[in-house]
Amino acid sequence: MACFGMKLVKQLDFYRPGAIDESLTRKQMIHELSHYQVATPSKRLLVNFGLGEDTNGTDSIFTVEKQIQEETRAVLLTLYWFEEWSISSGVSGFRYKGRNYAVVRNMRKQNQETRKALDWLLGTNLLDHNLRPMTELNTKEEK
Ligand SMILES: [Zn+2]
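For reference, each letter of the sequence shown is one residue, going 872 to 1014 in my numbering.
1. Can you tell me the Cβ-Cβ gap for Glu955 and Arg897, rounded? I've got them flagged as a contact below 8 Å.
2. From the DSSP output, in three-state form, read off Gly994 for me.
3. Give the DSSP bridge partners of Phe965, in chain order.
4. Closest to Thr911 by CA distance: which of Ile932, Met900 and Ser894 is it?
5. Given the structure, does Glu936 come close to ligand 1, in the sense that its CB is under 8 Å from one of the ligand's heavy atoms?
6. Which one of Ala945, Met900 and Ile901 has the shortest CA to CA distance from Leu922?
7. Would you kindly check if the distance between the Cβ of Phe920 and the Cβ of Thr943 is under 9 Å?
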């Protein structure tokens, strides 16, 4: 899945169980760690968190809608980590199957999908009530 910003078109397999590619930039690592937090327990240790399209040739185990939902959650959490650490973002969403998906932290500019992701991050305690990212992990399995 082409994640991390609209500028990055080619997606590599950033994550393998137990290891993060050390050639990643700091921002990319933060994004992959956000994926790690967002992933359900059963997907957390899968290559690319079950999102597929990695160099092992595995297909996603998610529907397209679920992939987009998961990516939106991970990108939004990434933006909150950037804010927390005063890292300039430059990220305005992600690209998937030729389409751009906008993800912004500014609540007044959020689309419905991003707003749902925000509610989910709050509900799973990955964000606290002050919209600060937490070091928790998603503990809930989803269909
Ligand atoms: Zn991603």
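Ideal placement from N, C-alpha and C gives every residue a C-beta, glycine not left out. Since we're looking at a predicted model, the values are computed, not measured.
Reading it off the structure:
1. Actually they do not touch by this definition, with Cβ atoms about 13 Å apart.
2. Note: Gly994 maps to helix in three-state DSSP.
3. The partner list for Phe965 (beta bridge, DSSP) reads Tyr972.
4. Of the candidates Ile932, Met900 and Ser894, the residue whose Cα lies closest to the Cα of Thr911 is Ile932.
5. Glu936 Cβ: outside cutoff for every heavy atom of ligand 1.
6. If we check each option's Cα against that of Leu922, Ala945 comes out closest.
7. Cβ atoms of Thr943 and Phe920: not closer than 9 Å.
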